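Visitor:
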Amino acid sequence: MLSTTHALLASLRVTMAARALLASTLRVSRLAGRTVHVRCASGGGIPTDEQQATGLEKAIMRSMKAGTDPYSMLKPKQYSGSKQDPHIVPSITNKRIVGCVCEEDNTAIVWFWLHEGEAQRCPSCGSHYKLVPHDLPH
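Note that the sequence shown covers residues -17 to -1, 1 to 121 in mature numbering (1 follows the signal peptide of the UniProt record, and there is no 0).
Right, here's the structure in full:
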């Protein structure tokens, strides 16, 4: 009988404490002029990558959507290597070192300087390369 009384008193204290807490919360909310209950989740759901991106990531996403590759992240285009369709080599200076594998199964790389202007040939296999100016996006 005694344990039942203790349990009843304990539940009564909890109920009284909950009521007191609720009353004080409502009193404070009336003084502040705001409601107590605030929704934590947004109504729009989970944002997409485009909505969440900022700074450099956002600039990259916009340019990729527009069809440009600002930081040369994609695989380079294939060129035939002929004089009419030379391999394009972007550079921020007026010359650059280029390595040519010459043949598919070759293990040695033929290195040579490529200068701005007309297309130049690889000294070993004869593939043509052309240096084009490239501006950095930032």
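Idealized CB from N, CA, C, for every residue including glycine. Bear in mind the structure is a predicted one, so any value in this text is a computation, not a measurement.
Using the DSSP secondary-structure output, state which residues sit across from Ser74 in a beta bridge.
Guide: Ser74 is bridged to Pro116.
Visitor: Assign Tyr54 to one of two classes, buried (16 or more other C-beta atoms within 10 Å of its C-beta) or exposed (fewer than that).
Guide: That one is exposed.
Visitor: Does the separation of the CB atoms of Glu33 and Met47 fall below 7 Å?
Guide: In this structure, Met47 does not lie closer than 7 Å to Glu33 by Cβ.
Visitor: Determine the contact status of His74 and His111, defining contact as a CB-CB distance below 7 Å.
Guide: Reading off the sequence shown, one finds Ser at residue 74, where the question assumed His. Contact: no.
Visitor: Which same chain residues end up closer than 6 Å to His70 when comparing Cβ atoms and leaving out the 5 residues on each side of it in sequence?
Guide: Around His70: Tyr62, Gly64 and Tyr112.
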